[in-house]
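For reference, the structure discussed in these notes is given below.
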Amino acid sequence: MKKQVIVKTKYGEHRIVLEKDERGYMVIAPGLECVVTWGKNINHAKAMAKEAIELHIECIAEEELIRLGFVKKTGKKTVTVEV
Numbered sequence: 001m002k003k004q005v006i007v008k009t010k011y012g013e014h015r016i017v018l019e020k021d022e023r024g025y026m027v028i029a030p031g032l033e034c035v036v037t038w039g040k041n042i043n044h045a046k047a048m049a050k051e052a053i054e055l056h057i058e059c060i061a062e063e064e065l066i067r068l069g070f071v072k073k074t075g076k077k078t079v080t081v082e083v
């Protein structure tokens with residue numbers, strides 16, 4: 001059974017499709033290429049979708065800034081991890 005819901009992210013609202021499988025819920029964001037994730041239950045799947053959508057948008061934005069010459073690609077990434 002497929003279910004469509006709206007997920008709110010820091011970049012706006014996005015439609016996702018949840019599909020139940022034997023282990024949980026597969027998630028696809030039809031409006032965003034390559035955004036697919038999974039969750040144990042609906043709430044977990046929605047949280048994973050929110051994170052995947054935000055990361056996808058941030059990667060697109062970074063690639064565009066590099067392409068336009070506003071940012072130089074160094075090969076190094078700074079990662080912040082909350083503990």
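UniProt numbering numbers the first residue of the sequence shown as 1 and each following residue consecutively.
Glycine included, C-beta positions come from ideal geometry on N, C-alpha and C.
The structure presented is a predicted model; accordingly, all values stated were derived computationally and were not measured.
Collapsing the DSSP output to three states places leucine 65 in a helix.
Minimum Cα-Cα distance from histidine 44 among the listed residues Lys20, Cys34, Val81, Leu32 corresponds to Lys20. The residue among Val7, Lys3, Ile28, Met1 with its C-alpha nearest the C-alpha of alanine 47 is Val7. If the five residues before and after methionine 1 are omitted, its C-beta is found closer than 7 angstroms to the C-beta atoms of Lys20, all from its own chain and listed in chain order. When the five nearest sequence neighbours on each side are left out, the beta carbons in the same chain lying within less than 8 angstroms of the beta carbon of lysine 10 are those of Glu54, in order along the chain. If you check the CB distance, lysine 73 and isoleucine 66 come in under 7 angstroms.
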